[in-house]
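At position 115 of the sequence shown the residue is numbered 115 (full-length UniProt numbering), and the sequence of numbers has no breaks.
Even glycine gets a Cβ: it sits at the ideal position worked out from N, Cα and C.
This report concerns only the one structure given below.
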Amino acid sequence: MAATSPLYNQLKDAEPFFLLAGPNVIESEEHILRMAKHIKHIATKVGLPLVFKSSFDKANRTSSKSFRGPGMAEGLKILEKVKVAYDLPIVTDVHEAYQCEEVGKVADIIQIPAFLYLLVAAAQTGKIINIKKGQFCAPSVSCFFFTLFRAAEKIRLAGNPNVMVCERGTMFGYSKLSSPVQILNVDDLIVDPRNFEWMREANCPVVADITHALQQPAGKKLEGGGVASGGLRELIPCIARTAVAVGVDGIFMEVHDDPLSAPVDGPTQWPLRQLEELLEELIAIAGHKRKAAVPNRSHTLPRLGLSPPRTYGSTANPGDIITVATSP
């Protein structure tokens, strides 16, 4: 098996947690460079390792009328400028296997749906694989075992020990219908904090996606007809506090300087002007958790029996990160 990468080792050892953050989608070169500059400044100030996040193509939009981004060729050029200008690792998405090679030349994290052929293709890059739990996956041990646990094992069996798993909420079908054709607030996502503990059974770092976890698919009406994703931005701190109090290794969040005008997922992007305040609060919660922890308490608690205690892999490989999602 290949060695764990230096970046993977840095992130898994980060205290109190690492941060994956940035705008949902690339709107322009100027905007992305400005956002990267400000987010890096804030992350450095509060002392968190940062991987900058943005997408070149949002192929999984609710409506065909929605903004998708600049496309792969132009988007990768912009992300490479961010990487060079601010010395930041990058996370972005792919939707087809053929995109992996080109995207892997720029991105340190590649986010993909966890289909078997994509898992294997991603694993073969040697980069870090961050497997996102699908919102359709029930928050139960049995469902977890047949999705995240086995997906993580597929990555390792392909020779890549650089694996992380990510919680992003679960869809229970809650909805409000004003008419058979006008749908609002469909499919609220619910975060079950028990998942943060159960996901430890994958024997790798656990990440909490605190913004997509509050998405409301098809919950926003568009002018001229159609729907787009809505969300509950005001509850992002609630989910974030919960995740950090339980003790996740990383926080994934989308950040925008003007969420109300963001072309994609504005309702679930956190305002840049409030980022530092939120991160400082989360760091304080994490610090309090460490002080309150009871030494050697874990051996008295029952384990789920899916895997041995976490060790996070072994050796070291140059590689960066790929985020794999069981759902976009």
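TODO: Return the CA-CA distance between residue 275 and residue 159, expressed in angstroms with no decimal places.
DONE: 37 Å
TODO: Find out if the Cβ-Cβ distance for the pair residue 129, residue 162 is shorter than 8 Å.
DONE: yes
Task: The alpha helix (DSSP H) enclosing residue 208, as first and last residue numbers - done: No alpha helix (DSSP H) holds residue 208; the beta strand (DSSP E) holding it covers 206 to 209.
Open item on the list: Cutting at 6 Å between CB atoms, please list the residues of its own chain near residue 154, excluding the five before and the five after it.
Closed with: 119
Open item on the list: Considering only their Cβ atoms, is the gap separating residue 75 from residue 56 smaller than 8 Å?
Closed with: yes
- [ ] Following the continuous alpha helix (DSSP H) through residue 101, name the residue where it begins and the one where it ends.
- [x] 99 to 104
Open item on the list: Per DSSP, what are the beta-bridge partners of residue 29 in this structure?
Closed with: Residue 29 is not bridged to any residue.
TODO: Following the continuous alpha helix (DSSP H) through residue 9, name the residue where it begins and the one where it ends.
DONE: 6 to 12
Task: Nonlocal neighbours in the same chain, by C-beta distance under 6 Å from residue 29, ignoring five residues either side - done: 78
- [ ] Confirm, please, whether the CB-CB distance from residue 133 to residue 165 is below 8 Å.
- [x] yes
- [ ] Return the Cβ separation of residue 43 and residue 33 in integer angstroms, given the expectation that the two are a contact with Cβ distance under 8 Å.
- [x] Incorrect: roughly 16 Å between the Cβ atoms, too far for contact.
Open item on the list: Please return the same chain residues whose Cβ sits closer than 6 Å to the Cβ of residue 23, not counting the five positions on each side in sequence.
Closed with: 35, 54, 256
Task: residue 160 in three-state terms, based on DSSP - done: coil
Task: Sequence-distant residues of its chain with Cβ nearer than 6 Å to residue 107 (five each side left out) - done: 90, 92
- [ ] Under 7 Å Cβ to Cβ from residue 283, same chain only, skipping five residues before and after it: list those, please.
- [x] 16, 46
Task: 7 Å CB neighbourhood of residue 211 in its chain, flanking five on each side removed - done: 236, 253, 254, 268, 269, 270
Open item on the list: My assumption, with CB atoms under 8 Å, is that residue 239 sits in contact with residue 214. Please give the rounded CB distance.
Closed with: 6 Å
Open item on the list: Between the alpha carbons of residue 117 and residue 4, how many angstroms are there, rounded?
Closed with: 22 Å
Open item on the list: Taking only three categories from DSSP, how would you classify residue 107?
Closed with: coil
Open item on the list: Between which residues of its own chain and residue 273 is the CB-CB distance below 8 Å, once the five residues before and five after are set aside?
Closed with: 257
- [ ] Put residue 195 into one of helix, strand or coil per three-state DSSP.
- [x] helix
TODO: Take residue 341 as the anchor and find which of 241, 9, 69, 41 has the nearest alpha-carbon.
DONE: No answer is possible for residue 341: it lies beyond the span of the chain, which begins at 1 and ends at 328.
Open item on the list: Just to confirm the assignment, what range does the alpha helix (DSSP H) spanning residue 242 have?
Closed with: 236 to 246
TODO: Report the option in 244, 264, 31 whose CA atom is closest to the CA atom of residue 209.
DONE: 244
- [ ] Mind checking who residue 215 pairs with in its DSSP beta bridge?
- [x] 231
Task: Beta-carbon separation (whole angstroms), residue 27 vs residue 263, contact threshold 8 Å - done: 6 Å
Task: Extent of the continuous alpha helix (DSSP H) run through residue 73 - done: 72 to 86
Task: Residue of 202, 125, 112, 251 minimising C-alpha distance to residue 20 - done: 251
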